[in-house]
Structure formats: structure tokens, C-alpha cells
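Read through the structure below, which is laid out as C-alpha cells, and then see the notes.
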Amino acid sequence: MTLSDLLETKRDEVIRRWSESVHGDVVPGTMPHLELVDHLPVFIEQIVALLRALEGRGSEPPESATERAGAAHGAQRLRLGFSLESVVREYGALRDAILAQALDGGITLSFAQLQVIFDAVITGIAHAVSEYARQRDAELTRQANEHFAFIAHELRNPLSSASTAFGILKGRGVLPPADRMVAVLERSLLRTSDLVDQTLETARVTSGIELHRHPTTLTALFEEAESATASDADAKSITINSKVVGDKELSLDTRLVRSALGNLLRNAVKYSAPGTRIELRGSISGTRAVVEVEDACGGLEPGKVEAAFTPFVRFDARQSGFGLGLAIAKQAVDAHGGSIRVQNLPGKGCVFVLELPAAADDPSI
């Protein structure tokens with residue numbers, strides 16, 4: 001009997017050996033059998049298929065099937081409260097159960113067979129751990145964002161009351177307009193309000209984003225972004241030139257993309273020198289929509305390019321703000337499966353390049 005035939009015939013026995021090995025040690029002794037076993041039968045079937053391919057009696061299972069099984073197992077273990085160490089030890093116990101079953105069946109394993117088994121176990125661990133970590137990190141991020149959003153919401157009401165009271169007192173002439181402390185108070189209220197708004201926007205963008213796609217065009221998105229930044233650009237005598245080549249209907253979450261583009265353009269206006277020009281370019285290339293925002297900031301200092309999209313990083317400490325705009329833009333783009341990068345033009349400025357899928361992967365969307 002070949003090793004593949006043995007494992008197929010004795011699959012339940014392998015699972016029993018594995019179960020006895022992990023029960024009460026790696027996993028809780030009270031766990032129901034079906035939850036405990038989970039994707040183990042599928043994983044053993046894949047090892048059998050790999051061994052048969054080695055024996056010249058079949059083809060290897062597609063890598064995607066192996067990846068899905070491992071990822072699904074990692075996700076299930078996270079939901080059940082397993083530690084990452086337990087997930088890894090489970091696979092080690094399965095390897096030992098397979099080797100013990102082969103030994104009891106009187107089969108001497110070749111180096112190639114051992115390699116197949118070990119490679120399969122390592123691949124299973126990699127996919128399970130990767131998905132476990134991805135979902136765990138996403139959950140931690142979601143919880144943190146909920147916490148920040150709660151704090152921001154709680155701050156909004158008293159801040160709004162303070163701003164309203166300040167406006168009323170100023171309007172009545174109670175506060176001397178020339179007093180330096182009055183100006184400091186007004187700026188502080190505005191900065192705090194901006195921080196609360198950006199915190200809420202960050203929480204919305206990163207809390208387990210569910211895309212709500214709508215038809216739009218680059219032209220429409222550009223017009224909205226230009227309109228939103230027109231007053232800031234006019235205040236610095238900055239001209240915004242926009243151009244779209246080969247525009248067509250896109251399927252995007254317009255709220256998120258509007259936020260990303262708006263943050264890029266506001267950032268460009270903030271850091272560009274007065275009297276300069278900002279170029280806003282868009283094009284559709286194959287399956288990708290490409291947006292470029294070229295500013296006149298004079299270029300980035302060494303080390304700033306790498307940290308450009310890190311939260312709370314500011315290009316110029318002399319400028320107001322909290323360094324969240326580019327981080328928010330990146331999160332919005334990432335949610336679409338797109339990419340964003342910056343090209344430094346020393347002595348001139350920067351070009352922020354945003355790429356998005358021109359259409360949703362699901363044609364029904």
C-alpha cells in the first residue's frame with residue numbers, strides 16, 4: 001500500500017491520533033468534535049493529492065485551494081479564541097500523527113515523501129497564521145477606532161458649545177477683537193475642532209470599511225475637490241490646473257475617494273508657495289484610473305518620502321494641522337485595492353500618484 005492510499009484509508013485514524021494529541025493541551029478538552037476538527041479532513045486530502053502527484057498518479061491540488069483551507073482554519077481558530085501558538089502547534093501535531101500512522105502501517109518514508117508532508121504543514125501554518133494575524137489586527141484596529149470615535153463624539157458637543165459661546169461673545173463686542181489672547185483662543189478652538197473632525201474621518205475610513213460604490217467620473221471628482229479647496233487656494237493666489245484624459249464612468253465609493261482626493265489637494269495648497277500652480281491630472285489606463293497631484297512645495301526633506309503616509313507626520317512643523325490627511329487618503333485608496341505613492345521633485349515639489357481599479361471586481365456592483 002502506498003502512503004497516499006494509507007492516509008486516505010486511515011484518515012479518520014489520523015484525525016483520532018491528532019485529536020488525542022491536542023485535546024486538553026493545545027485546545028480545550030470541552031470543545032465539540034466538529035469545531036475541533038474544522039478543516040483538517042480537507043487538509044489531509046490535499047496532502048494525499050500531493051503524495052499521489054509524487055507517485056505519478058495524479059496532479060497537485062491548486063495552490064489556491066491549499067491557501068483557502070489554511071486561511072479558513074486560521075480565521076476559525078481566531079473566532080474560537082485560540083492563541084497563535086496553539087494554531088502552530090496544531091499543525092505540528094498533525095505532522096506527527098501522519099508520521100506515526102505511516103510507521104504503524106509499515107511504510108518507510110522516503111526523503112521526497114517527508115518533504116511533501118513537511119512542506120504541506122509549513123504552507124498550512126503560513127496561511128493559517130497570516131489570516132489569523134490579519135483578522136486579529138483588523139479587529140484591534142476596529143476596536144481602537146471605535147474608542148477614538150467615541151472620544152471624538154463626546155468632545156464634539158462641549159466643543160460646539162464653547163465655539164458657539166465664543167462667537168456670541170465676540171459678536172456682542174464683549175471680547176476685545178485686538179486682544180492677543182482672544183485670537184489665541186479662537187485659533188485653539190478651530191484647531192481642536194479640526195482634530196476632532198479628522199479623528200472621526202479616520203475612524204470612519206478605517207473601521208472595517210464596507211465600500212458603497214456609485215457611478216462617477218474623474219471629471220466630477222475633480223470638480224468637487226477643486227470647489228472644496230478654492231477658497232484656500234485663492235487666499236494664497238494659487239492656481240489649480242486640472243486635466244482629464246480618456247474619462248469614463250467608474251464604480252467607486254465616492255465618499256472615500258472624494259475624501260482622499262480632497263486631502264491630497266488641500267495638502268498641496270497648504271504646502272505650496274503663494275502664487276504658484278498645482279497640477280491635477282487624471283487618466284484611465286486599461287483597468288486603472290490614475291490621478292496625479294503635483295504641488296509646488298519645494299520638495300521633501302530626506303526621510304520624509306518614506307513617512308509621507310504615516311499618521312501625525314507633518315512635512316513642515318511651521319504649518320498647522322495634525323498630519324492625518326495623507327494617512328486618511330491612503331486608507332481610502334487601500335480600501336479599493338488601489339495604491340498611492342509620492343514622487344519627490346527636489347527644489348520644485350512633489351507628485352502624489354493615486355491609482356484605483358477602474359471598475360469593481362464584481363460586475364454586479
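For what it's worth, my numbering labels the leading residue of the sequence shown as 1, then goes sequentially.
No residue lacks a Cβ here, since even glycine has one placed at the ideal position from N, Cα and C.
These numbers come from a predicted model, not from an experiment.
A Cβ-Cβ separation of about 7 angstroms places Asn263 in contact with Leu326 under the 8 angstroms criterion. Beta-bridge partners of Gln343 (DSSP): Val351.
Contact between Gly349 and Glu294 holds: CB atoms are separated by about 6 angstroms, below the 8 angstroms threshold.
If you compare the alpha carbons of Ser4, Ala335 and Phe352 with that of Ala112, the shortest gap goes to Ser4. Using a Cβ-Cβ distance cut-off of 8 angstroms, the region 208-225 and the region 247-260 are in contact, since at least three pairs of beta carbons, one from each stretch, lie closer than that value. Look at Val116 here: in three-state DSSP terms it is helix. Around Gly282, the same chain offers Leu218, Val244 and Val291 as residues with beta carbons nearer than 6 angstroms, after the five sequence neighbours per side are excluded. Here DSSP, grouped into helix, strand and coil, assigns Leu80 to coil. Using a Cβ distance threshold of 8 angstroms, Arg288 and Asp253 do not count as a contacting pair.
Collapsing the DSSP output to three states places Glu301 in coil. Scanning its chain for C-beta atoms nearer than 6 angstroms, with the 5 sequence neighbours on each side dropped, one finds around Phe352 the residues Leu264, Val293 and Val342, in chain order.
Between the alpha carbons of Ala126 and Ser237 lies a distance of about 55 angstroms. One thing to note: Ala128 has its Cβ no nearer than 8 angstroms to the Cβ of Ala65.
Comparing C-alpha distances from Val14 to each of Val269, Leu34, Pro158 and Pro41 shows the shortest one belongs to Pro41. Closest by C-alpha distance to Ala225, out of Ile284, Ser259, Asp234 and Glu90, is Ser259.
When beta bridges are read from the DSSP output, Thr192 appears opposite no residue.
Residue pairing by DSSP places Ile240 opposite Ile278 in a beta bridge. Pairing Ala332 with Ala296 gives a Cβ-Cβ distance that is not under 8 angstroms.
A direct Cα-to-Cα measurement between Leu169 and Ser130 gives close to 57 angstroms.
Counting only unbroken stretches of 3 or more residues, no beta strand (DSSP E) element lies wholly within the region 122-171. With fewer than 16 neighbouring CB atoms inside 10 Å of its own CB, Asn241 falls in the exposed class. Counting along the chain, Leu7 sits inside the alpha helix (DSSP H) bounded by residues Leu3 to Thr9. Taking every protein chain shown into account, the CB of Gln46 has 16 or more other CB atoms within 10 angstroms, so this residue is buried. Within the same chain, and ignoring the five residues on either side of Pro346 in sequence, the residues whose Cβ sits closer than 6 angstroms to its Cβ are Gly299.
In this structure Ser188 does not touch Ser163 by the C-beta definition: roughly 10 angstroms separates them, more than the 8 angstroms allowed. The region 133-142 and the region 55-65 do not touch, with fewer than three beta-carbon pairs separated by less than 8 angstroms.
Ser21 sits away from Ala120, with the two beta carbons spaced by 8 angstroms or more.
Annotated as distal: Leu211 and Ala359, with beta-carbon spacing of 8 angstroms or more. The shortest CA-to-CA distance from Ala233 to any of Asn267, Leu256, Lys10 and Ile151 is the one to Asn267.
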